[in-house]
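S.K.: Structure provided below as structure tokens; questions to follow.
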Amino acid sequence: MPAGPLGVAGKRGNAEVLVGIDDTAERRGLHIGLGLAQARAMHPALDVVPEDAGADAGLLESIADWCLRYTPLVACDAPDGLLLDITGCTHLYNGEHALVADLAGRIERAGFAYRLAIAGTIGAAWAAAHYGKPESYASGEERAVLAPLPLGALRLPPATVAALARVGLKRIGDILPLPRAPLTARFGSDLMRQLDRALGAEHEPLSPRLPVAPYVTEERFAEPIGREEDVLGTIEKLAVRLAFVLERRGDGARRLELALFRTDGEVRRIAAGTSRPLRNPHDIRTLFSERLAALADALDPGFGFDMARLSVMVAEPAPPEQIGMGGAEDAIEIGRLADRLSARLGAQRVRRLIALDSHIPELAAATVPVQAAAKDDGWAAFCRHRTEAELPPRPLRLLMRPEPIEAVAEVPDGPPLRFKWRRAFHDVIAAEGPERIEGAWWSEHGGPARDYFRVEDKAGLRFWLFRAGLYRDFAPGSAPNWFLHGTYA
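Quick note: the sequence shown uses the working numbering, first residue 3, plus one each step.
Take a look at the structure:
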């Protein structure tokens with residue numbers, strides 16, 4: 003025996019009206035908005051269910067949550083619609099038609115009636131799904147899609163639609179050729195705004211129900227997974243992908259979210275925060291391992307998870323940092339690294355600095371093969387001496403050999419006002435010094451005494467240069483030579 007018509011009744015104003023009907027009720031002439039008393043008079047066997055707006059909104063939210071598997075840009079169009087921006091997402095399903103087929107199949111298996119339409123604008127897709135033929139329309143076909151549809155397809159207030167009908171305008175195609183100014187003056191600016199948005203002449207933003215993560219990676223499974231070990235393995239795999247992008251952009255994750263999509267449409271979310279920007283995959287796996295252990299209820303996979311998504315909800319700059327190279331506890335690991343590099347590249351190519359007994363900059367350090375360096379090479383003492391003596395900072399780039407320059411100084415022992423280096427002239431606007439450096443009295447290495455100056459030119463470039471020798475040591479008519487030894491940038 004066929005089932006009778008079914009309707010959902012709700013109160014609109016002071017009247018009870020039908021707010022939802024099934025196919026049987028529609029075939030028998032009932033429609034949404036019809037008064038409940040009239041509907042019962044037409045079909046006494048009508049089965050009526052009271053409206054539960056809260057439950058309907060919750061169901062719509064859960065379906066929207068589930069649709070996040072297709073795109074992060076999902077918005078609810080109450081009371082019974084969803085808006086999905088699938089731009090740039092169709093390749094994940096081998097094209098637009100495959101994505102639509104997957105979405106339609108899942109909705110149908112869940113027991114919901116649906117109408118799906120794709121278009122270049124929100125307005126055109128909404129109109130096709132509610133009033134037209136629910137198909138996929140290419141961008142640029144909006145005018146052809148909208149023209150035969152009623153004006154209600156523009157999402158206009160009922161009063162505006164009724165006013166337009168009274169002057170004989172019932173289809174969207176009726177207003178397309180008409181002058182805009184008289185229509186706006188008589189029916190309000192909302193009419194033209196909605197038309198322009200549907201045609202694509204004005205951008206209509208989509209406000210997603212959830213914030214869009216700056217970094218997202220996901221994994222789809224050929225067979226659903228359910229074990230916690232598999233989930234953690236997937237997290238580490240996704241974290242490896244995130245680490246590559248985060249490192250390339252110099253960011254680290256401060257808050258992560260794992261979304262697990264069950265085959266029955268449920269979505270499980272697990273969030274985890276960090277005390278500092280993080281991008282190490284193993285650390286991220288450990289973080290979620292602790293979160294899973296701390297859950298009040300077990301991770302219920304149902305019939306399994308067929309998709310997992312790891313998102314970085316909050317990211318912060320994480321510049322490269324030198325870690326684990328100065329402490330004694332890392333000496334063994336450093337030795338292993340040096341041995342591996344020496345074996346692969348050659349012992350003479352892996353070198354380290356050692357300190358020499360000289361204050362002359364180019365003679366104060368040397369490089370030796372790392373495997374031949376003694377433990378007590380004086381480097382730590384050299385660095386400690388520079389710190390304790392509060393010596394001026396050395397340039398970031400030190401030339402292998404000082405290069406001669408032509409300099410002009412205001413006073414004989416003062417800094418240069420102008421100098422020429424590598425055929426370019428530099429006008430000095432600021433200078434610090436001198437810092438006098440001399441070689442050991444018993445050695446001839448290093449030459450005469452040097453007076454070093456830190457100078458800055460008009461372009462903001464900073465240099466470390468020196469005058470070799472003192473004026474008192476030169477005969478009348480001759481002068482010391484100038485050299486450039488390094489730059490600070």
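Heads up, the beta-carbon is just placed ideally off N, CA and C, and yes, glycines get one too.
(1) Using 8 angstroms as the threshold, is the C-beta distance between leucine 472 and glutamate 405 below it?
(2) Less than 7 angstroms between C-beta atoms, sequence neighbours within five positions excluded: which residues of the same chain meet that for proline 478?
(3) Using three-state DSSP, classify leucine 254 as helix, strand or coil.
(4) Determine the DSSP secondary structure at serine 360, reduced to helix, strand or coil.
(5) Have a look at Leu240, Glu53 and Ser209 and flag the residue whose alpha-carbon is nearest the alpha-carbon of phenylalanine 223.
(6) Can you look up methionine 3 in the DSSP assignment and give me helix, strand or coil?
(7) Taking buried to mean at least 16 other C-beta atoms within 10 Å of its own C-beta, is leucine 61 buried or exposed?
(8) Compare the Cα-Cα distances from aspartate 453 to each of Asn483, Ala461 and Arg464 and report the closest residue.
(9) Where does the unbroken alpha helix (DSSP H) through phenylalanine 189 begin, and where does it stop?
(10) Does DSSP put valine 372 in a helix, in a strand, or in coil?
(11) Along the chain, where does the alpha helix (DSSP H) containing histidine 132 start, and where does it finish?
(12) Short check: CB of glycine 35 to CB of methionine 44, under 8 angstroms?
(13) Could you tell me which of Pro213, Leu158, Ala167 and Thr236 sits nearest to aspartate 198, measuring between CA atoms?
(14) Based on the DSSP output, what are the partners of phenylalanine 468 in its beta bridges?
(15) Give the secondary structure of leucine 212 by DSSP, where H, G and I count as helix, E and B as strand, and everything else as coil.
(16) Is DSSP giving phenylalanine 421 helix, strand or coil here?
(17) Is the separation between the beta-carbon of alanine 310 and that of leucine 244 shorter than 8 angstroms?
(18) Measure how close the beta-carbons of glycine 12 and leucine 48 come, nearest whole angstrom, since I'm counting them as under 8 angstroms.
(19) Beta-carbon within less than 6 angstroms of arginine 469's beta-carbon, same chain only, minus the 5 sequence neighbours each way: which residues are those?
(20) Reducing DSSP to helix, strand and coil, say where phenylalanine 290 ends up.
(21) Let me check understanding here. Comparing Cα to Cα, which of Gly337, Thr489, Leu94 and Leu38 lies closest to proline 371?
(22) Please classify isoleucine 237: does DSSP put it in a helix, a strand, or coil?
(23) Should the region 249 to 264 be regarded as contacting the region 272 to 287, the criterion being three or more beta carbon pairs within less than 8 angstroms?
(24) Determine whether the beta carbon atoms of glycine 154 and isoleucine 227 lie at a separation below 8 angstroms.
(25) Which same chain residues, not among the five before or five after glycine 175, have their C-beta less than 7 angstroms away from its C-beta?
(26) In or out: leucine 208 buried (at least 16 other Cβ within 10 Å) or exposed?
(27) Could you name the residues of the same chain whose beta carbon sits closer than 7 angstroms to that of alanine 461, not counting the 5 residues immediately before and after it, in chain order?
(28) Report the three-state DSSP secondary structure of serine 64 (helix, strand or coil).
(29) Nearest CA to the CA of asparagine 16: which residue from Ala39, Leu166, Pro321 and Thr26?
(30) Pick out whichever of Val163, Leu180 and Pro179 has its Cα sitting closest to the Cα of proline 172.
(31) Does valine 51 come out as helix, strand or coil in the three-state DSSP assignment?
(32) DSSP state of valine 242, grouped into three classes?
(33) What is the DSSP secondary structure of glycine 9, reduced to helix, strand or coil?
(34) Apart from the five residues on each side of it in sequence, which residues of its chain come closer than 8 angstroms, Cβ to Cβ, to proline 321?
(35) Kindly indicate which residue of Thr92, Ala367 and Leu312 has the alpha-carbon position closest to the one of threonine 73.
(36) Taking the C-alpha atoms as reference points, what is the distance between proline 283 and alanine 77?
M.R.: With the given structure in hand:
(1) no
(2) Around proline 478: no qualifying Cβ.
(3) Note that residue 254 is glycine in the sequence shown here, rather than leucine. Three-state result, glycine 254: strand.
(4) coil
(5) Leu240
(6) Its pLDDT being 39, under 50, methionine 3 is placed unreliably in this model, and the coordinates cannot settle the point.
(7) exposed
(8) Asn483
(9) 182 to 189
(10) helix
(11) 124 to 132
(12) Glycine 35 places its beta carbon 8 angstroms or farther from that of methionine 44.
(13) Leu158
(14) Tyr454 and Phe485
(15) coil
(16) Correct three-state label for phenylalanine 421: strand.
(17) no
(18) Glycine 12 to leucine 48, Cβ: 15 angstroms. No contact.
(19) Asp453, Pro482 and Trp484
(20) Correct three-state label for phenylalanine 290: helix.
(21) Gly337
(22) helix
(23) Output reads yes: the region 272 to 287 touches the region 249 to 264.
(24) no
(25) Ala149 and Pro150
(26) exposed
(27) none
(28) helix
(29) Ala39
(30) Here residue 172 turns out to be lysine, not proline, going by the sequence shown. Nearest C-alpha to lysine 172: Val163.
(31) strand
(32) helix
(33) The three-state secondary structure of glycine 9, taken from DSSP, is strand.
(34) So the list reads Gly252, once near-sequence residues are dropped.
(35) Check the Cα spacing between threonine 73 and each of Thr92, Ala367 and Leu312: the tightest is with Thr92.
(36) 32 angstroms
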